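Working notes, beginning with the structure itself.
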Amino acid sequence: MKTIMKRRISKVLTAFMLCVCMLFSAACGGGGNNGENWWTNEGELTKDENGNVVFDNVEFKLSTIVNGEDKAAFNTLVTKFNRLYDGKINVIVTNIPAESFETTISKQITNKSNPPDLIMSHQKANRNFADNRLIQPFDEIMEASGIVIDLDNYAEGLAQYSSAGYEDVTYAIPVDAQSFVVFYNKKLLAKYADSVPADRESLTAVLKAFKADSTNNGKAPIGWSTGGDYFSEYVFLTAILQNGGEFYNKDDYRAEWVDDETNFAAFNSAIQSFRELINNGYANYGEADNKVLSEFMAGERLFYFTTPWTMEAMVENYAKQLGVSSERLMDEYLGGASMSGWFAMSDNPAKNSIYGDSHFFSMSRSVADVNKKAAICEFVRWFTEDSSAGAEWGRAGHISASNKITEAEDYQNNPYVSNYIYKFYPNIDDFHSIGATPYYEAIISNLSGIFTDTVGNTKNPSAESDKASIKQRQEAVNAQIDFFA
5 MKTIMKRRIS KVLTAFMLCV CMLFSAACGG GGNNGENWWT NEGELTKDEN
55 GNVVFDNVEF KLSTIVNGED KAAFNTLVTK FNRLYDGKIN VIVTNIPAES
105 FETTISKQIT NKSNPPDLIM SHQKANRNFA DNRLIQPFDE IMEASGIVID
155 LDNYAEGLAQ YSSAGYEDVT YAIPVDAQSF VVFYNKKLLA KYADSVPADR
205 ESLTAVLKAF KADSTNNGKA PIGWSTGGDY FSEYVFLTAI LQNGGEFYNK
255 DDYRAEWVDD ETNFAAFNSA IQSFRELINN GYANYGEADN KVLSEFMAGE
305 RLFYFTTPWT MEAMVENYAK QLGVSSERLM DEYLGGASMS GWFAMSDNPA
355 KNSIYGDSHF FSMSRSVADV NKKAAICEFV RWFTEDSSAG AEWGRAGHIS
405 ASNKITEAED YQNNPYVSNY IYKFYPNIDD FHSIGATPYY EAIISNLSGI
455 FTDTVGNTKN PSAESDKASI KQRQEAVNAQ IDFFA
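Residues in the sequence shown are numbered consecutively from 5, following my numbering.
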């Protein structure tokens, strides 16, 4: 619990520092697309007889937030690109931890201290980067180079954030999406249902049947670690969306979690969706991840919630434990399921929503050489449109945001994609990230706090204490907005 608290304090401090930076930027005229360029162009592009840019040993620096279990996969893809473009383009990658990523990038660019040329961040960072003039649009260099990244070829729900909240400008290119995911025991599920649950009603029926089976020795069918990284952020926020809730007013970014009657009802339904599972013994609050994973792999749990970037390691370890091949494990033992519909307490248009993070590429304002800018476009286009790259990134736990990749056969036929990625996210248009608010950390941290305050209050829960928590968290968000308004 101390580690989790430290992480949340770090996030709040990061948000505060970024907001301070935003305040000073606004005092100096602000950022964004206001008709004034804060970036420069140097040099000339060389093109062949067909109008294609000719690259000659162009090198640029890429800083990425990818620094966990998927770090090796990402860096391997960069190496693959460098080999394909040997003598033409070379990418130097630096992996930065998530908790310090945005402050590190901001300082490097502002202080001109070894800044990156290309940034791979979570979608939520792009608005602050644009407001503070830390990134520059892609539009100008795409037109000059002819290396065009057409946003019509990307998932609409993610591509809408490429403008970072401004109009007629491309500040960032969507790469992927990721949230908490669900694995299930195929042989166990076959005992209680003919198919994977697709809504709350069918999920409850399966859980009830498992719990009623005395051979399961009273075990909870769902294995999850509520205190683990991202659980409250991904799963609780998913439950809020599925019950028709909204995280903030899109006009002024303010939280209306209690003040709006419909929203307040959605928050209460989200809370009850967890309490119902816990109170009926279908899941527990506060279990350690290593415990629930061990029990799941021992055949004692039906479902297991985890992060998708652990997928490949889990498949390998589970197959080794059972003494079977990875192919047989996928076919006979380990299935992939979606949270879609599982927390919706009633039928509504948003019931299949899934909340999570999405990686985007953006270009630092510090890069001026047009050859570097063109090389950046070439790399971004390759990473987000090459199907083999997409399949490898899918194996690392990320569903592609590119329609060109998701429609390609080698992507669709990749066993990790077909057995898991597509099952985790059955409809990418139902995926949501935080959007273009500069106050995202305050919003996310306080929403996570509501989960701890309410669902975590297993001793004396009440409607009054729930409302008090939601109201207090709402006021904390709005106080920060008022301070910087």
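Quick reminder that beta carbons are idealized off the backbone N, C-alpha and C, glycines included. As the structure is a prediction and not an experimental result, all values here were calculated from the model.
**OP:** Output yes if chain C places a C-beta closer than 9 Å to the C-beta of aspartate 263; else output no.
**Re:** Annotation note: the requested chain C is absent from the structure, which comprises a single protein chain.
**OP:** Could you tell me which uninterrupted alpha helix (DSSP H) segments, each at least 4 residues in length, are contained entirely in the segment 154-236, listed from first to last along the chain?
**Re:** Runs found: 160-163, 190-196, 204-216.
**OP:** Leaving aside the five residues before and after cysteine 25 along the sequence, list all residues of the same chain whose C-beta is less than 7 Å from its C-beta, in chain order.
**Re:** For cysteine 25, the predicted model reports a pLDDT of 46, less than 50, meaning its position is unreliable; a value from the coordinates is still stated below. Counting only residues of its own chain and dropping the five nearest sequence neighbours on each side, cysteine 25 has a CB closer than 7 Å to the CB of Ser110, Asn136.
Original post:
DSSP beta-bridge partners for threonine 98?
Top reply: For threonine 98, DSSP records a beta bridge to Ser67.
Original post:
When DSSP labels each residue in this structure, what does valine 24 get in the three-state scheme?
Top reply: Unreliable positioning characterises valine 24 in this predicted model, as indicated by a pLDDT of 47, which lies under 50. The coordinate reading is nonetheless provided below. Valine 24 falls in the helix class under three-state DSSP.
Original post:
Does the distance from the C-beta atom of phenylalanine 435 to that of alanine 176 stay below 9 Å?
Top reply: No, these two residues do not count as a Cβ contact at 9 Å.
Subject >> Rounded C-alpha distance that separates valine 481 from aspartate 180 >> reply: Annotation: valine 481 to aspartate 180 spans about 28 Å, alpha carbon to alpha carbon.
**OP:** Would you grab the beta carbon distance between phenylalanine 300 and glycine 398 for me? Rounded to a whole angstrom, and I think it's under 8 Å.
**Re:** Between glycine 398 and phenylalanine 300 the Cβ distance is about 23 Å, and since that is not below 8 Å, they are no contact.
**OP:** Answer yes or no: do valine 185 and glycine 453 have a C-beta to C-beta separation smaller than 9 Å?
**Re:** No, the Cβ-Cβ distance between valine 185 and glycine 453 is not below 9 Å.
Original post:
By a C-beta neighbour count over all protein chains shown, 10 Å radius and 16 as the cutoff for buried, is glutamine 325 buried or exposed?
Top reply: Per the 10 Å Cβ criterion, exposed.
**OP:** Could you tell me which residues DSSP pairs with aspartate 51 in its beta bridges?
**Re:** Residue 51 is actually lysine in this sequence, not aspartate. Beta-bridge pairing links lysine 51 to Val57.
**OP:** Just confirm the distance between the C-beta atoms of tryptophan 386 and alanine 393, as a whole number of angstroms; I'd bet it's less than 8 Å.
**Re:** Going by Cβ atoms, the distance from tryptophan 386 to alanine 393 rounds to 7 Å, so yes, they are a contact pair.
Original post:
So threonine 230 and isoleucine 358 are in contact, right, with Cβ under 8 Å, and what is the actual spacing, rounded?
Top reply: About 18 Å separates the two Cβ atoms, so there is no contact after all.
Original post:
Quick one: complete alpha helix (DSSP H) runs, 4+ long, within the segment 385-454?
Top reply: Listed in chain order, they are 391-399, 407-410, 413-416.
**OP:** Would you mind working out which of Ile432, Ile474, Val374, Phe428 sits nearest serine 449, comparing C-alpha positions?
**Re:** Taking only the C-alpha atoms, the option nearest serine 449 is Ile474.
Original post:
Going by alpha carbons, who is nearest to asparagine 99 out of Thr114, Phe85, Thr80, Asp351?
Top reply: Comparing Cα-Cα distances from asparagine 99 to each of Thr114, Phe85, Thr80, Asp351, the minimum goes to Thr80.
Original post:
Does DSSP classify glutamate 320 as helix, strand or coil?
Top reply: Helix at glutamate 320.
Original post:
Would the segment 269-288 and the segment 342-361 be scored as touching if the rule is three or more Cβ pairs under 8 Å?
Top reply: Contact annotation: the segment 269-288 touches the segment 342-361, with at least three C-beta pairs closer than 8 Å.
**OP:** Give the straight-line distance between the Cα atoms of aspartate 143 and alanine 395, rounded to the nearest whole angstrom.
**Re:** Going by the C-alpha atoms only, they are around 27 Å apart.
Original post:
Under a three-way DSSP split, which group does glutamate 46 fall into?
Top reply: It is a strand residue.
Original post:
Leaving out the 5 sequence neighbours to the left and right, which residues in its chain are closer than 6 Å to asparagine 372 when beta-carbon positions are compared?
Top reply: It should be noted that the sequence gives alanine, not asparagine, for residue 372. The residues are Thr44, Glu46.
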